[in-house]
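Here the sequence shown is numbered in numbering that gives the first Met the number 0, starting from 0 and rising by one per residue. The beta-carbon is built from N, C-alpha and C at its ideal position, and this holds for glycine as well. Read the structure below first, then the notes.
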Amino acid sequence: MSNAASFPAIDQKSVRRRSWRRCKCSRTKRARHKELSTSAAETAEVARRICGEPLVLFRDKANQAAALADRCCHRAAPLHMGTVVEVGLQCGYHGLIFDGSGRCVTIPGQSRIPDDARVRSYPVVEKNQLVWIWMGEAAKADPASIVDFPFHDDKSRWPNKHDVYPIKGNYMLMVDNLMDLTHLGYLHAKTVGGNPAAHVGAEMKTTRTPRGLKFTRWMKNSVPPPSYVKAAGFTGRVDRCQEFEFVAPSTVLQWTGATDAGSDYADPQRDFRFQFRLFHGLTPETETSCFYFWSVANGYRQNEPETTEQLYREIAPTFVEDKTMVEMQQARLDEFGESGLVDIASDANRMYMRRMVERLIAEEQSALAAE
0 MSNAASFPAI DQKSVRRRSW RRCKCSRTKR ARHKELSTSA AETAEVARRI CGEPLVLFRD
60 KANQAAALAD RCCHRAAPLH MGTVVEVGLQ CGYHGLIFDG SGRCVTIPGQ SRIPDDARVR
120 SYPVVEKNQL VWIWMGEAAK ADPASIVDFP FHDDKSRWPN KHDVYPIKGN YMLMVDNLMD
180 LTHLGYLHAK TVGGNPAAHV GAEMKTTRTP RGLKFTRWMK NSVPPPSYVK AAGFTGRVDR
240 CQEFEFVAPS TVLQWTGATD AGSDYADPQR DFRFQFRLFH GLTPETETSC FYFWSVANGY
300 RQNEPETTEQ LYREIAPTFV EDKTMVEMQQ ARLDEFGESG LVDIASDANR MYMRRMVERL
360 IAEEQSALAA E
């Protein structure tokens, strides 16, 4: 094992663009972050910076999501300061209107529209209650490569709730966090953590996949964390199981279950007394900031909306703890760099994930250089 920690500086030229990125939760609106609702009445435009590029996201009057470069082709005014109108997005400076393809369709006071009066548009796809954007060349966008998470759409079996956190840290630091769960017993001791020794000594099986890796962790006969006790009413020790799938470059799909101690692990995803699913999606904003899209799905009391809300309230503080730690990591990396950092045994999955992402970035850069 190398003694050099893998914290590459992912600058704007090396962030992978030929991949789909989450830019919105399509069916939720929260007070802190305006989202693109599927309701035709919700047409507000939203500013986002993704992979260093400023974008404006909006839903037109026909209820179609669109993403444009946030810069009017007339005088470079930010388009997110404009207004959604019947045929597209109207610039708030001189009233030019752009449709979802980026083409200027109206210029006040003149009938002829120059051929080059347009702004860049980005391919957008809505899938599983998320809006996905392709930051690379439009011709290479393949919707079939978007991560599949059908549980967002199965409200009867997996009622769920979404959120998104802006994080002042490189997106890969958050993926690192999700790839190594030995931190749960320490950073999350008061929420989902439980016994630190149980996490460090957990049985684990890892399988590599074409797009990443899967790993399963078992913690038998362990003390349930406070959030599990509140949610499921455990009174004694439990057997815990977690299944994670990393899909490059920055998505993690999770299933978590717990039941009274003494369970059979022949089928990890059987009907545990307590179980939920999590979606984790990291979208780069800049070199040192990202958006963390996540959801939690209730798999144990599906007919109780208050249970889904309670589960969300129990899980959310955990991710606030992660956010705080990652932001402090980023601050220290900015100040001191990567010198002297070392990897330890529990970093094996994280190191494999890092190497995969670095390889994908290198392949993309080579392909771009050859074009």
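DSSP bridge partner residues for residue i (one or two, in chain order)
| i | result |
| --- | --- |
| ASP238 | THR258 |
| LEU340 | Answer is none; LEU340 lacks a bridge partner. |
| LEU391 | Here the chain has residues from 0 to 370 only, and residue 391 is not among them. |
| VAL123 | ILE132 |
| VAL83 | LEU88 |
| LYS189 | According to DSSP, LYS189 bridges with nothing at all. |
| MET355 | Beta-bridge pairing links MET355 to no other residue. |
| GLU202 | TRP217 |
| HIS279 | VAL251 and TRP293 |
| GLU244 | LYS213 and LEU252 |
Whole-number beta carbon distance between residue j and residue i, since they are thought to touch under 8 Å
| i | j | result |
| --- | --- | --- |
| ASN176 | THR287 | Wrong, their Cβ atoms sit about 16 Å apart, outside the cutoff. |
| GLY99 | ALA68 | Contact doesn't hold; Cβ gap of about 13 Å is too wide. |
| ASP259 | ARG272 | 7 Å |
| ASN297 | ASN159 | 7 Å |
| GLY101 | ARG74 | Their Cβ separation, rounded to whole angstroms, is 17 Å, which puts GLY101 and ARG74 out of contact at 8 Å. |
| PHE245 | MET171 | Their Cβ separation, rounded to whole angstroms, is 12 Å, which puts PHE245 and MET171 out of contact at 8 Å. |
| PHE278 | PHE148 | 5 Å |
| LEU252 | ARG216 | Between ARG216 and LEU252 the Cβ distance is about 14 Å, and since that is not below 8 Å, they are no contact. |
| ASP238 | GLY211 | At roughly 26 Å, the Cβ-Cβ gap does not stay under 8 Å, so ASP238 and GLY211 are not in contact. |
| ASP162 | ALA315 | 7 Å |
| ARG300 | THR306 | 4 Å |
| PRO142 | VAL124 | 5 Å |
| MET352 | VAL174 | 7 Å |
| HIS93 | PRO77 | So it is not a contact: roughly 13 Å between Cβ atoms. |
| CYS289 | ILE112 | That pair is no contact at about 37 Å. |
Nearest residue (CA-CA) to residue i, options the options
| i | options | result |
| --- | --- | --- |
| PRO48 | ARG74, ASN302 and TYR121 | A quick correction: the sequence has Arg, not Pro, at residue 48. Nearest of ARG74, ASN302 and TYR121 to ARG48, Cα basis: TYR121. |
| GLU44 | GLU357, ASN62 and VAL191 | ASN62 |
| GLN128 | ILE360, ILE343, VAL295 and TYR351 | VAL295 |
| ILE145 | LYS126, CYS72, SER155 and LYS139 | LYS126 |
| PRO225 | PRO209, PRO53 and ALA257 | ALA257 |
| THR323 | ARG349, TYR291 and GLY336 | TYR291 |
| THR105 | ALA137, VAL124, VAL123 and CYS72 | CYS72 |
| GLU284 | MET80, LEU78 and MET134 | MET134 |
| VAL83 | PHE57, LYS189 and ALA347 | PHE57 |
| ARG156 | PRO304, ALA315 and LYS139 | PRO304 |
| TRP19 | GLY81, TYR351 and LEU281 | LEU281 |
| PHE214 | PHE233, THR205, VAL222 and ILE96 | THR205 |
| ARG207 | SER221, THR190, MET173 and PHE243 | PHE243 |
| ILE132 | CYS50, GLY339, GLU370 and ASP342 | CYS50 |
| PRO248 | ALA201, ARG349 and GLN274 | ARG349 |
| LYS189 | VAL222, ALA201, MET203 and PRO209 | VAL222 |
| ARG117 | ALA140, GLY87, ALA138 and GLU136 | GLY87 |
| ASP321 | LEU183, ALA369 and HIS93 | LEU183 |
| GLY232 | GLN274, MET203, THR250 and CYS240 | GLN274 |
| PRO53 | ALA140, ARG70 and ASP59 | ARG70 |
| GLN372 | PHE97, ALA230 and ASP115 | The structure shown does not extend to residue 372, since the chain is modelled only from 0 through 370, so no value can be given for it. |
| CYS240 | MET203, THR250 and PRO209 | MET203 |
Residue i (DSSP reduced to helix, strand or coil)
| i | result |
| --- | --- |
| SER371 | With the chain running from 0 to 370 in the structure shown, residue 371 is simply not present. |
| GLN109 | strand |
| LYS28 | Any answer about LYS28 is weak, because its pLDDT of 28 lies below 50 and its placement is not dependable; what the coordinates show is given next. Coil, per DSSP. |
| GLN309 | helix |
| GLN63 | coil |
| SER249 | coil |
| ALA296 | strand |
| HIS182 | helix |
| GLN301 | coil |
| SER221 | strand |
| PRO271 | Per the sequence shown, residue 271 should be read as Phe rather than Pro. In this structure, PHE271 counts as coil in the three-state DSSP scheme. |
| SER288 | strand |
| ARG349 | helix |
| PRO316 | helix |
| ILE360 | helix |
| PHE214 | strand |
| LEU78 | helix |
| LEU332 | helix |
| GLU326 | helix |
CB contact check: residue i to chain D, cutoff 8 Å
| i | result |
| --- | --- |
| PRO283 | The question asks about chain D, but that chain is absent: this structure has only one protein chain. |
field: Start-end ranges of the beta strand (DSSP E) lying completely within the stretch 126-180, minimum 3 residues
entry: 129-133 and 159-166
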